[in-house]
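So the number in our numbering is just where the residue sits in the sequence shown, counting from 1, plus 29. Glycine included, every Cβ here is placed at the ideal spot set by N, Cα and C. Just so you know, these numbers come straight off a predicted model, no measurement behind them.
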Amino acid sequence: MPKDFLSVADWSAETLLEILDRAAELKALLGKGERPRTLEGRTLAMYFEHPSLRTHVTFEAGMAQLGGHAIFLTGDQVGIGRRESAPDVARNLSRWVDAIVARTARHELVESLAAEASIPVINALTDRFHPCQAMADVQAMSECGALDAAHLAFVGDGNNVANSLALAAAVLGFRFSLATPASHRPPEDVWNRALALAEASGAQLVWTEDPAEAVAGANFVYTDVWASMGQEHEAAARRKVFAPYQVNAELLRGAPEAWVMHDLPAHRGEEITDEVLDGPRSIVLEQAENRLHAQKAILERLIAPPNAQ
Ligand code: NVA
């Protein structure tokens, strides 16, 4: 198993499923007020170039619950590329802490931190991937029914979240339909990787330009913002391109039994209506809650001393 978690495709289905089992166990334990101190004395550095609510709070709370400690660092404070180089930051942090969580604007930066650090590096969102979100999402999906029977439809931008969900489906073997404008498909290398992994796992992966086609028969319908962090200046143009991709009551008539998913924050009234986001089929808060449990399981897997779990 690689020392880092930069993409869900870094790890085998077996490893991902073990982590998801442990995440479910940690969730049940916390529900009973139990917080196993498997990371006693361990320290995590969290480097964030973009804003965060869920990722920051769940990693920091997760470390505290497991008996460890987290240190929050902003991009401005550290100044990679301005104050010092990525390799120097990675090598210094490796001398002090047990792991790094990094949210970097460019995926190449998290890769270079991982290449230079001797400690595990966890991707907390880049322009390409959001693997911790995908793990929490799969946990939420498995709470609604067997993963084998899951059909996840993603409607909107072929972005970091869509990329990670495509890879999760491909590795774990569930069905994934993606509806995006032709101009906003996932990067070709990511989609081809997902198709190659799907061949091995038996997952069905389909892309279409038509949202109604993607959601037909789906039991999960997922959307995300149309302009991701770093693309704010394109927001107005994107609102036009993505207007036909709104997840609303009308679209969901094609999948009346589907659970509705969103990684949040949502731009209410753009990619999703209030009615749907706050409706009875929405599992967005379960997804958000599971960030805590899934990431605790990832942290344990990467930095717990042997026999601590
Ligand atoms: N695609 C979004 C996800 C936010 C959690 C973004 O990158 O801004």
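Three-state secondary structure assigned by DSSP to residue i
i: HIS213; result: helix
i: LEU176; result: helix
i: VAL135; result: The sequence given here has Arg at residue 135, not Val. Coil at ARG135, not helix or strand.
i: HIS322; result: helix
i: TRP220; result: helix
i: ASN188; result: coil
i: GLU299; result: coil
i: ILE312; result: coil
i: GLU279; result: helix
i: MET164; result: helix
i: ALA74; result: strand
i: GLU113; result: strand
i: LEU293; result: coil
i: GLN260; result: coil
i: PRO240; result: helix
i: ARG330; result: helix
i: GLU63; result: coil
i: ASP39; result: helix
i: ALA146; result: coil
Run of the alpha helix (DSSP H) containing residue i, from where it starts to where it stops
i: HIS85; result: 83-94
i: LEU68; result: Unbroken run through LEU68: none, as it is neither H nor E.
i: ALA99; result: Looking at the DSSP string, ALA99 is not in any alpha helix (DSSP H); the run it does join, the beta strand (DSSP E), is 98-103.
i: ALA53; result: 42-60
i: VAL5; result: It is not possible to answer for residue 5, since the shown part of the chain is limited to 30 through 338.
Opposing strand residues paired with residue i [DSSP bridges]
i: TRP288; result: PHE249
i: ASN336; result: In the DSSP output, where bridge partners are listed per residue, ASN336 has none listed.
i: ARG204; result: HIS180
i: PHE34; result: ILE151
Element boundaries [beta strand (DSSP E), containing residue i]
i: ARG265; result: This sequence places Ala at residue 265; Arg is not what is there. Segment 264-271 is the alpha helix (DSSP H) holding ALA265; no beta strand (DSSP E) there.
i: VAL126; result: Unbroken run through VAL126: none, as it is neither H nor E.
i: VAL150; result: 150-152
i: LEU234; result: 234-237
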